[in-house]
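*Asks:* Residue numbers (my numbering), protein chains in the order written: chain A, 1 to 316; chain B, 1001 to 1312; chain C, 2001 to 2312; chain D, 3001 to 3280.
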Amino acid sequence: MIRLLLNRLWQTAIVLFGVSVITFIIMHSAPGHPLQANPELRLDPTAVERWLELRELDEPLPAQYIGWLSRMFRGDFGKSLIYNRPVPELALERLPATLLLTVPAFLLALGLAISCGTWAALRQGGFVDRLLGLATLAGLSLPSFWLGIILMMLFSYGYPWLPASGMRTAENSSVSDILAHLVLPVTMLVAGSFSYYVRYVRYTVLAVLSQDFIRIARARGFTELYIVFRHVLPNASLPIVTVAALSLPQLFTGALVAEYVFSWPGIGRWIVTSTLARDYPVIMAVNLSAAALVAFSNFLADLLFLLIDPRLRFKA
Amino acid sequence: MLTITDLSVVFPAGNVQALSELSFYVAPGETVGIVGESGSGKSMTALAIAGLLPPAAKAVGEIRFWGRHFVIGVSSNSDWRAIRGSELGILFQDHSTGLNPLLSAGSQVSEVLRFHQQKSKREADNETARLFSLLGLIPAEVRMRQFPHQLSGGMKQRVMLAAAICCRPKLLIADEPTTALDVSIQAQILCLLREQTANAEMSLLLISHDLGVIAQLADRVLVLCAGQLVEEAAVAKLFSNPAHPYTNLLLASVPRLDLPLALNVPVMEDNDEPTNGCGFASRCPERVSKCIYNPPLIRLSDGRKVRCHNRR
Amino acid sequence: MEAILALKAIEAVYSSGTHRFVKAVDGVSIAIFAGETFGLVGESGSGKTTLGKIVVGLERPCRGSLYYKGRRVDPAFRREIQMVFQDSAAALNPRLSVADLLEEGLVIQKIGDRAERMQRVAKILADVGLDKKMLKRFPHQLSGGQRQRVALARTLVVLPSVIVLDEPVSALDVTASTRLLLLLARLKEAYGLTYLFISHNLAVVLQICERVAVMYLGKIVETGKVETVFKLPAHPYTRMLLDAHPQPDPMKKMPFYQLAESKILPSTAYGCGFHPRCPKAALRCQSVAPALVQKSEGHFVACHSAVKYSIT
Amino acid sequence: MKRQQGAELYLGIALILLLTVLAVFSPLFANYDPHQTDAKRWLQSPGEEHFFGTDRLGRDIYSRVVYGARVSLAVGFLAMLFSITVGTALGALAGYFGGFADQLIMRLTDIVLVYPAMLLALTLAAIFEPAIWLVVLVIGATGWPAVARLVRGEILRLKSLEFAAASRMLGASHWRVLLIHLLPNAFGPILVAATVAVPAAILTEAGLGYFGLGIQPPIPTWGNMLREAQNYIRHAWWYATFPGAAIFITVFAFHLMGEGFRQRLDPDSQPGRGRRAYYH
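(1) Could you tell me the distance, in whole angstroms, from the CA atom of Val2056 (chain C) to the CA atom of Val2169 (chain C)?
(2) Just the chain C side, please: which residues come within less than 8 Å of Arg1147 (chain B) by C-beta, in chain order?
(3) Can you give me the C-alpha to C-alpha distance between Lys3040 (chain D) and Asn3231 (chain D), rounded to a whole angstrom?
(4) With 7 Å as the limit, tell me which residues of the region 1088-1109 of chain B have their beta carbon closer than that to any beta carbon of chain A; keep them in chain order.
(5) Terminal residues of the continuous alpha helix (DSSP H) containing Leu1204 (chain B)?
(6) Note down, one range per segment and in chain order, each alpha helix (DSSP H) of at least 4 residues found wholly within the region 2063-2140 of chain C.
(7) How do the region 3061-3072 of chain D and the region 3146-3157 of chain D stand: do at least 3 beta-carbon pairs fall below 8 Å, yes or no?
(8) Going along chain A in order, which residues have a C-beta closer than 7 Å to the C-beta of Tyr3067 (chain D)?
(9) Let me know the secondary structure DSSP gives Val1109 (chain B) once reduced to three states.
(10) Alpha carbons only, please: which of A:Val103, A:Asp309, A:Ala295 and A:Arg311 is nearest the one belonging to Arg8 (chain A)?
(11) For chain D, find out if any of its Cβ atoms is closer than 7 Å to the Cβ of Ile319 (chain A); answer yes or no.
(12) To the nearest angstrom, how far is it from the Cα of Lys2263 (chain C) to the Cα of Arg3157 (chain D)?
(13) Using 7 Å as the limit for Cβ to Cβ distance, is Arg1307 (chain B) near chain C?
(14) With a threshold of 7 Å between beta carbons, is Ala1013 (chain B) in contact with chain C?
(15) Determine the DSSP secondary structure at Arg2211 (chain C), reduced to helix, strand or coil.
(16) Rounded to the nearest angstrom, what separates Arg71 (chain A) and Leu137 (chain A) at their Cα positions?
(17) Tell me whether Gln1150 (chain B) sits in a helix, a strand or coil according to DSSP, three-state version.
(18) Could you name the residues that DSSP lists as bridge partners for Ser2296 (chain C)?
(19) Residues of the region 1122-1153 of chain B with a CB closer than 8 Å to any CB of chain A: list them in chain order, please.
(20) Could you check if Gln2119 (chain C) is buried or exposed, using at least 16 other CB atoms within 10 Å of its CB as the buried criterion?
(21) How should Ile3111 (chain D) be labelled, buried or exposed, when 16 other C-beta atoms within 10 angstroms of its C-beta is the threshold for buried?
(22) Going by DSSP in three states, Ser2029 (chain C) sits in which element: helix, strand or coil?
(23) Which partner residues of Leu1229 (chain B) appear in the DSSP bridge assignment?
(24) Could you please tell me which residues of the region 3115-3140 of chain D, in chain order, have their CB closer than 8 Å to any CB of chain A?
(25) If you drop the 5 nearest sequence neighbours on each side, which residues of the same chain put their C-beta closer than 7 Å to that of Tyr2191 (chain C)?
(26) Applying the criterion that 16 or more other CB atoms from any shown protein chain within 10 Å of the CB defines a buried residue, is Ile3127 (chain D) buried or exposed?
(27) What does Ala1314 (chain B) reach in chain C if we use C-beta pairs closer than 8 Å?
(28) Could you confirm whether any beta carbon from chain B is found closer than 7 Å to the beta carbon of Leu2206 (chain C)?
(29) Would you mind sorting Pro185 (chain A) into buried or exposed? The rule is 16 or more other CB atoms within 10 Å of its CB.
(30) My output table needs one value for Ile2 (chain A): the three-state DSSP class, helix, strand or coil.
(31) Using only the alpha-carbon positions, how far apart do Glu3162 (chain D) and Leu3182 (chain D) sit?
(32) Would you check if there are 3 or more beta carbon pairs closer than 8 Å linking the region 261-270 of chain A to the region 92-112 of chain A?
(33) Kindly say whether Val15 (chain A), judged by its beta-carbon, lies nearer than 7 Å to any beta-carbon of chain D.
(34) Just checking: is the beta-carbon of Phe1115 (chain B) within a distance shorter than 7 Å of some beta-carbon in chain G?
(35) With C-beta atoms as the reference, is Gly2218 (chain C) less than 7 Å away from Asp2026 (chain C)?
(36) Under a Cβ-count criterion, where at least 16 other Cβ atoms within 10 Å of its own Cβ denotes burial, should Arg1299 (chain B) be classed as buried or exposed?
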C-alpha cells in the first residue's frame, strides 16, 4: 500500500513538473511583445516595465525557467497588469463566490446522478431508463453558455422571477437574495455535469449488477433494497469516486462559463476577463494552479480509493 | 420433497429451447445428480428451481418444495425469496467472483444468518465461526476477518458453501461446484458436500458435466441432452448398464485411470440444425428412421426411465 | 536416442504482489524424444504452463538452456515449435475467417502463391476433420471443438515438429474432448509430430502420453513412463493427485480427504515444497530439498521417503 | 413495447448528412449574403423575409447560421482527425511496447489531462492569433490523451488474449501483430471515441467563439454569433436562440450516432438487451 502511494505521489510530481514546463513554454511562445499586441489596453507604465523585467529575456531559457519556478515556489505569482496587485490576493478575494457557486452545484449534480443513475440501472430498459438516456444525451449536447442565455431570457426577462446576473442586488442583501441569484447559474452547471455523471453511474451500477456476487446475493434470498445498499452501491462507489475526481477540470470549465454568462463575481469570470485582456501573470498563475489543483485532487481520489478498497489496502 | 413438473424454458430471442418438459423429484436426504454437456440445460434447471431465470427466458412449469407451490412465470420474486437462502441453498461455480470484494469472508456468511434468522451480530458471528471450523477454514477467527482476495480458490468456495448451508437448508443446489478448482481442492469440496448432506440430512441436487463427480456423490442420476431428460436411473445401474446411447457415449468418452480410451467411440459430426426429433439423433450410432420423431420417456421394467425408440 | 527437445536446469521467476519473487519454474530439466507425447501434469501454480511458454519462446527463462535437435538454441519463436492454447476463443483473431487464419502462417513464412497456399490450407482442414464450408466462417460461428481444431490446423500449416498443447481439451465437453484426443493421436502419425502435453487431468494424460513429469511448485517431483508413474507412484504428491481424481465409477469412491489446507509455501523456502501437505513428512523434509534421483529404469522421483525405500 | 433497434444511429446519421449537405452547399440554402448589412432592417423579428430574423447590423441570421455550419463541422472533423490519429498512434505504441515508451506517453497524457481543456484553449487562443488551424490544433491537442488512454487499454486487453501470441509464434513481426491483429479489433471503441470527439470539438469551438477567441468575425460562426447576441437578449430573443439551437442539434446528432455505435458494440449496457445484468 505504501509503495502504491509513493508511486502515485511520484507520478503526481512528474505531472506537476510537466505542467510547469508546458505553462512556461506557452508563456514564452507568445509572439512579439504581448502588451504591444493590445494597444487598446491602458496600462500602468511601471507595470509594463516590471513585466518586461520579469521575463528576463536576456537570460537563456532554462535559467529563465528556474527563476520563474523559484518565484512561484516562494508564492510570488507576479502582479496583475490590470489591477497592479499580487495575483493570489486577487484570487482569494474571489474564491468565496466561486465556492458558493460550484460546491452546491457539484454536490447536487453528483447526488442527483447517483440516485437517478442507480434507479435507471435497476429498472434497465424501463420507461425511466429510456427517458433518462435521451434526456442526458440532450443534456450533453447543450452548449452550457447557450443554456445560460436561454435560462436568463426565460426566467429573468420573459418572466421576471429571478435576477439575471451578479451575486446580490445590493451591498447588504439578504441570504434569500443571494439564493435567488444562485438558482440560474447552479441550474446551468448542474444540467451539464448531471448528464455526464448519471450516464457513468448507470453504467457502473449495471457493471456491478452483472457481477456474480450480486446474482449469488439474490440466490441467498436478500431483498433488492438490501442488495442495492449493502452490495451494489459500495462497489459502484469506487469508480464513481474516480470519475468525480477526474471531472474536476470540467467543473472548473463550467465555473468559467457560468460566472462569465451570469456576471458572477468569482474567480472564473476574473480568469476570462483577464485572459481576454491578456493579463499574462494572471493567466500563467491560473493555468499552473488549476492544473496543480486537479493533479492534487486526483491524488486525493487515489488515497480515498485505498481507504475503501481492501484489495489495495492489504497489498504488501 | 422437491417435485418439478413439466418445466420448459425457451429463449425466444435466439429461438433456443433450453429445457423441454422436464419432470423429476428429489427425496429427502437424497443426492440427485444432473449430468449433460454444455447447452444441455443443466444450469437452467438450477436457476428455474430458485426462480432466478434470466428475464429473456420464457418458462412454464410447476415446482413443489416442502408443501410450497410455485408456478414459474406466475409466482413473484418475493414468493421465491421466502425459501432462497433459508430453506434452499445454492452453490455456484464462480468462486473467484462470487464474493463481494469489499466485505470480509465472515461477514458474508453472518449477514445471511442475520438476514434470515434475525440473529444478533454476536450470535451470527459465533455460528459463522463454528461453520468455518467445520469446513476446515481454520483458524476461523482469522479466516473470518480476511477479504476474498486474500483467500485461495478452494477457501473461497468453502466460504460460499458456508453461506449456502448456514441456515440449514432442506435442499442444496450445487451447480458445477468444483469445475474451476484443482483436483485436490475438488476432492476436499466433494468430501465436504458428502459429509454435510449425510450429517445435516440435506438433499443435494448436484449439477455437473463431470461423470466422475456425479459417480462419487449421486444416488440417482438424470442425464440431459439438448434440453431433454433422456435417462434417469440409480447411479449404479446407470454406470454399469447405460440404457440410452447418449449415456453410453458419455461413459465411453470419459477418460479413466483404470481403462484405456475407447477407440471405438462413435465419432459423428455435430449437426447444428435444430430438429423436432430426438436431440441426439444426429450423433447417434443407433439411429433409425423414426428418430426424426421425438421418442417418449418410458419407464423400463427395472424402474429406470429412458427416452429412446430402440428401448421398448 | 537423441532428444528432439531438451531443457536443462530452466529457472523462471515472476514477481507478484504478495511474494516478491516466486520461482515459477525452479531448475527443471526435461528431455523429449522425437515422436513421443510427453505429459506435464500439476495443479494451478505448478509452473507447467510457464514451462510450456518457455519452450515456444513466449516467456524467457532467467537461467538454464534449451536444446533443439541437440543444438543449443536461444529461447525465441521458431517455426518448428508451436503451441495450442486452452482457450480457443481467445487464441483465434475474431475478425479473421478460418481461411485467413489458416493461411496466415504461410503468408508470414512466404510459402507459395495464393493458389498453392489455399490448396495446402484445404488439405490441412480435411486432415483435422473439418468441412470445406468452415473456411468462410468466423471463430464465433464455430463450436469449441471446431475452434480447437482450427487452432491446431493453424499451427500445422507451418509444418512444425514439436507442438506444445496447453490444456487443449479442458474447456471442451467430454465427447468433443475425446474426439480431439483421437485426432491428436492420428495427426501425430501423419505429420511425424512430437507433443508436449500439458494438463491437470491425469486420466487424459494417461490416455495419450508415453512419458510424464509431475510438477509441484515449479519443480519436477516425479517423472517416468506413464504406466509406471500412475500405477506405482513413488511421490506422495502423485499419490494424492491420483486419489483425488474422481473416478467415473460409483463403486470406486474416493478416500476421505484431509481438510486442513496448510499455507502453501513458495518454493524459495527451504526443504521440500510439498512438506506442509505431505502425510509422510519427516523432519529433514523441512530443511533439505530432495533431489530428483532414479528409482528404477527411467523413473525419477524427488522425495526423501521414496529414495530411502529404493536404497534399502 | 419493443424498441426500434438502432433508431438513434440512423437518426443521427441522417441529421449529420443533412448538416453536411447544408455546410457544403451553403450558398444554395442561404437566401441572403451572410455578410450583407442593412441598416434599415436591424434586429427584425423572424418573418417571411428573414426566417430567423436579423442581427444588429441587419444581416440575415438564417443565412449566417447556414454558413456557420461550415466552420463548426470543419473544425469538428479536423480536430477529431487530429486527436484520433495522434491518440491512436501513441496509445497503440504505449500499450503494445510498454516499458519506457508507455511511461513517457502515459505521463504526457496525465499532464495534458490535468489542464482544464477550456482554460488551456482560452490561453492558447489568447496568446496566438486566432485562426482556424490554430483552433483545430488547440482542440485536437487537448483531445488526444483520452483517445490514447482508451486505445492503450484496448491494446493491452487484446495483447493478453492469445491470438497475438499465436501469430508471433508463426513468425509474425510486431508490426504485423499490431496492425493486422490488434488494431482492427480495437476499431469499435475508436469509432465511438471518434463520434464523441466531433461534438466535443464543436462545443469547444463554439465556446471559444462565444468568448471572442475563436474564429474572428466577419466569418460567421455559431459561437461568435452568440457573443454578438448576448447584449441583445432582452429585446431580440431570436438573436441568441437560433445559433445556439444549431449547435445543440449538431452536437445532439453526433451524440445520437455515437450512442447508436455504442449499442451495437456493447449491447450489454443498453436497455433491455444482452446479458442479463439484473434479474429476479
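Glycine included, each C-beta is placed from N, C-alpha and C at the ideal position.
*Replies:* Straight from the coordinates:
(1) Val2056 (chain C) and Val2169 (chain C) have their alpha carbons spaced roughly 19 Å apart.
(2) The question names Arg, but residue 1147 (chain B) in the sequence shown is Phe. Result: empty, since nearest Cβ-Cβ is about 13 Å, beyond 8 Å.
(3) 19 Å
(4) So the list reads Ile1090, Phe1092, Asp1094, Thr1097, Gly1098, Leu1099, Asn1100, Pro1101 and Leu1102, given in the order they occur along the chain.
(5) Taken as a continuous stretch (DSSP letters only), Leu1204 (chain B) belongs to no alpha helix (DSSP H), being part of the beta strand (DSSP E) at Ser1203 to Ser1208.
(6) 2088-2091, 2098-2108 and 2114-2127
(7) no
(8) Under the 7 Å cutoff, chain A gives no residues; its nearest Cβ is about 18 Å from Tyr3067 (chain D).
(9) helix
(10) A:Ala295
(11) This structure leaves residue 319 (chain A) out entirely; chain A is present only between 1 and 316.
(12) Its pLDDT being 49, under 50, Lys2263 (chain C) is placed unreliably by the model, and nothing is read from it.
(13) Closer than 7 Å: no.
(14) no
(15) strand
(16) 45 Å
(17) helix
(18) C:His2299
(19) Phe1147, His1149 and Gln1150
(20) Flag for Gln2119 (chain C) reads exposed.
(21) buried
(22) strand
(23) B:Leu1224
(24) Tyr3115, Pro3116, Ala3117, Met3118, Leu3119, Leu3120, Leu3122, Thr3123, Leu3124, Ala3126, Ile3127, Phe3128 and Glu3129
(25) Leu2156
(26) Buried, because 16 or more other Cβ atoms sit within 10 Å of the Cβ of Ile3127 (chain D).
(27) Shown here, chain B extends from 1001 to 1312; a query on residue 1314 (chain B) therefore has no answer.
(28) yes
(29) buried
(30) helix
(31) 11 Å
(32) yes
(33) yes
(34) Chain labels in this structure do not include chain G; the protein chains are A, B, C and D.
(35) yes
(36) exposed
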